[in-house]
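Residue numbers (full-length UniProt numbering): 1 to 212.
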């Protein structure tokens with residue numbers, strides 16, 4: 001039995017899959033110089049944070065990598081190509097989409113456009129991510145309207161004002177967990193957090209989403 005079999009069972013059942021939260025932003029908050037290639041210089045801090053997310057109840061943790069994208073144009077072309085490559089290698093594939101407050105991708109495409117492009121590649125899960133919670137609600141609504149397979153959401157909390165991330169208390173753990181409950185009620189299979197979220201957020205998600 002592979003490690004992914006448990007996730008597949010969750011996706012096939014009624015339980016919500018809990019994704020981890022922010023890593024780069026949380027490491028910065030803890031004093032790791034992310035812009036100084038913290039993945040390489042502080043591997044124990046990265047490993048420890050992954051462990052905290054698992055202990056908080058995350059079913060899935062994301063590996064950290066540093067993509068080299070020449071703006072949204074390359075991202076637009078790269079998503080289907082990478083999905084196709086992953087599928088060709090026999091890998092499971094989840095795809096994240098970034099949208100605005102109307103649910104339209106920053107590339108100008110609608111969720112329906114994105115789904116038409118991705119559907120032949122059969123990704124396991126398609127998610128909206130790295131956007132404010134209210135925008136994530138709009139994006140999830142648009143995605144659910146056009147996709148029959150598993151959908152998910154992982155928003156950010158706080159505000160990025162280059163070159164720094166500014167942490168705010170606008171979305172404390174339980175407030176965002178209550179929003180996560182709403183996303184689950186809407187039909188999200190997978191829910192987690194992006195930049196600015198912490199192990200405390202994911203622990204609150206796990207408690208709230210797994211109340212019988």
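The beta-carbon is built from N, C-alpha and C at its ideal position, and this holds for glycine as well.
Counted as a single uninterrupted DSSP element, the beta strand (DSSP E) harbouring residue 96 occupies residues 94 to 97. The residue among 7, 3, 18 and 6 with its C-alpha nearest the C-alpha of residue 208 is 18. Remark: C-beta atoms of residue 147 and residue 109 do not approach each other more closely than 9 Å. A residue is called buried once 16 or more other Cβ atoms fall within 10 Å of its Cβ, and residue 145, having fewer, is exposed.
Note on geometry: alpha-carbon atoms of residue 132 and residue 5 lie some 31 Å from one another.
Residue 105 sits in a strand when the DSSP states are folded into three classes. Relative to the Cα of residue 119, the nearest Cα in the group 150, 169, 135 and 54 belongs to 150. For residue 127, the enclosing beta strand (DSSP E) has its first and last residue at 125 to 129. Within the same chain, Cβ atoms closer than 8 Å to the Cβ of residue 193 are found at 19, 20, 21, 22, 154, 155, 156, 157, 176, 201, 202 and 205, the five residues on either side in sequence being excluded. The three-state reading of DSSP puts residue 91 in coil, since its state is none of H, G, I, E or B. Residue 16 and residue 9 have their C-alpha atoms spaced approximately 11 Å apart. In this structure, the beta-carbon distance from residue 106 to residue 98 falls below 9 Å. Looking at 112, 122 and 195, the one whose alpha-carbon comes closest to that of residue 141 is 112. About 27 Å separates the Cβ atoms of residue 58 and residue 101, ruling out a contact at the 8 Å cut-off. With a cutoff of 9 Å on beta-carbon distance, residue 83 and residue 127 are scored as not near each other. Rounded to whole angstroms, the Cβ separation of residue 45 and residue 33 is 11 Å, and the two are not in contact under 8 Å. Rounded to the nearest angstrom, the gap between the Cα atoms of residue 25 and residue 152 is 21 Å. Closest by C-alpha distance to residue 130, out of 191, 55, 50 and 87, is 191.
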